[in-house]
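**Q** Quick note on numbering: my numbering labels position 154 of the sequence shown as 251, and the sequence is numbered without any gaps.
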Amino acid sequence: MSTAEKRLLSVEEYLALESTADVRHEFHDGEMFAMGGGTLWHNLIKDNFAHSIRNRIEGRGCRVLTSDQRVKVDATGLYTYPDVVVFCGAAIMEDGIHHTLTNPLLIVDVLSESTEKYDRRIKFGHYRRMATLREYVLVAQDRLSVEVFLRQTGETDPAGNSDHWMLSTAASPGASIHLGTLGITVPLAELYDGVEFPPG
């Protein structure tokens, strides 16, 4: 028995479908991937994180956006919706399309059981190809744990981008994270405000 080959979509077809879709989709290599809705804790952490950053960078010419903002990785063609995105200065949108940002400075993803491996490996691999991205943050929702990857200067890839990242972690009630790109420090207690962890 033969199976029909899946027809790959063009970027234009994806953008047209996405503009009327009830759920958001990532897009890469001609395929759309539905993004499931987040849990209550996922949404609380995302909103807490965005609020904490916004309060600390007010008046500095930077903007904090949440998961309705689509981002494109120009180097790989990935379209995705990070949980929190920060950019500074003018927003650079794809070909003037005001739905797709191409110059994030910092990206935050809240991990879930179904997406953790993808976020850590595949998606971070895409993000590392963005010349503007300086910091990537992964936040657990089932325990206190925040990982901050800060791009380091030094050796560069053929496109002139450094691919050396320094990891710092915080995982205790009194701990804080430092976002070096923005020069701010945020307590974990603030990021996890209202979140209840599963027993055990």
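Note that CB positions come from ideal geometry on N, CA and C, so glycine has one too.
#1: Would residue 220 pass as a contact of residue 197 if the rule is Cβ separation under 8 Å?
#2: Which two residues bound the contiguous beta strand (DSSP E) that contains residue 273?
#3: Quick check: what's the CA-CA separation for residue 180 versus residue 270?
#4: Roughly how many whole angstroms lie between the Cα atoms of residue 98 and residue 248?
#5: Which full runs of the beta strand (DSSP E) of 3+ residues lie inside the segment 135-180, going along the chain?
#6: If you drop the 5 nearest sequence neighbours on each side, which residues of the same chain put their C-beta closer than 8 Å to that of residue 295?
#7: Which same chain residues, not among the five before or five after residue 263, have their C-beta less than 6 Å away from its C-beta?
#8: Taking DSSP as the reference, what is the three-state secondary structure of residue 128?
#9: Taking DSSP's pairing of strands, which residues face residue 281 in a bridge?
#10: Reducing DSSP to helix, strand and coil, say where residue 260 ends up.
#11: Can you tell me whether residue 130 is buried or exposed? The criterion is at least 16 other CB atoms within 10 Å of its CB, across all chains shown.
**A** Here's the rundown:
#1: No.
#2: DSSP places residue 273 in the uninterrupted beta strand (DSSP E) bounded by 273-276.
#3: Residue 180 and residue 270: Cα-Cα distance of roughly 23 Å.
#4: Residue placement at residue 98 cannot be trusted, given a pLDDT of 41 that sits under 50; the coordinates are not used to answer.
#5: The segment 135-180 contains these whole beta strand (DSSP E) runs: 159-163, 167-170, 175-177.
#6: The answer, listed in chain order, is 239.
#7: Counting only residues of its own chain and dropping the five nearest sequence neighbours on each side, residue 263 has a CB closer than 6 Å to the CB of 247, 249.
#8: Of the three classes helix, strand and coil, the one that applies to residue 128 here is strand, per DSSP.
#9: Answer by DSSP bridge pairing, in chain order: 276.
#10: DSSP places residue 260 in strand when its eight states are reduced to three.
#11: The residue in question, residue 130, is exposed, as its Cβ has fewer than 16 Cβ neighbours within 10 Å.
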